[in-house]
Structure formats: structure tokens, C-alpha cells
Amino acid sequence: MQKLRIEKPGCWGTIDGVFQQLPVGHEFIAASVPPAFAGRVSVVGEVGEQELEVATAVDTPAEQADTSSKSKKGK
Numbered sequence: 014m015q016k017l018r019i020e021k022p023g024c025w026g027t028i029d030g031v032f033q034q035l036p037v038g039h040e041f042i043a044a045s046v047p048p049a050f051a052g053r054v055s056v057v058g059e060v061g062e063q064e065l066e067v068a069t070a071v072d073t074p075a076e077q078a079d080t081s082s083k084s085k086k087g088k
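Residue numbers 14 to 88, in this note's numbering, belong to the letters of the sequence shown in order.
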């Protein structure tokens, strides 16, 4: 994955769900330089694999008891 920066106008893409011309200086992450962006972007750096943290439900009875006792104390 590479971090790219728009250097010249003429690149189009989506920012916050809106398809628009990407402003000069805009940075984004891509697997490689898109062919349509060749000559219009520069590589700022390499980006490692990113992991997302996902909230999960309480699994153990001890955690469930601890959570319920905290909610009772607040009342």
C-alpha cells in the first residue's frame, strides 16, 4: 500500500461519499498508482497493512457480571 499525494489537477475520485475532482495536495492510500493518475500524483510513502479494531459482545460470565454490577451502582 502506498500513500499518494495529488500534484496536478485532473484526478477524480470520492471524498466523504461525494464524487469530485480531487484537490491538489489531497493525500490518499492506494495499492498502487492508478493508471489514470500517472504523472499527476507522487508517492509520499509506504503504508503497512492496517488492522481494524471491532467491538465484540461480552463473552465471559465474569465480564457480564462486572458490567451488570457497574450499571446497578450508577442508579
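The beta-carbon is built from N, C-alpha and C at its ideal position, and this holds for glycine as well.
As assigned by DSSP and simplified to three states, the class of residue i
i	result
A43	strand
A49	helix
Element boundaries [beta strand (DSSP E), containing residue i]
i	result
G58	V54 to E59
Short Cβ contact (8 Å threshold) for residue i with residue j
i	j	result
S45	Q15	yes
L17	A49	no
Mind pulling the alpha helix (DSSP H) runs of 4 or more residues that sit fully within the segment 16-41? When DSSP assignments are scanned along the segment 16-41, no uninterrupted stretch of alpha helix (DSSP H) that is 4 or more residues long falls wholly within it.
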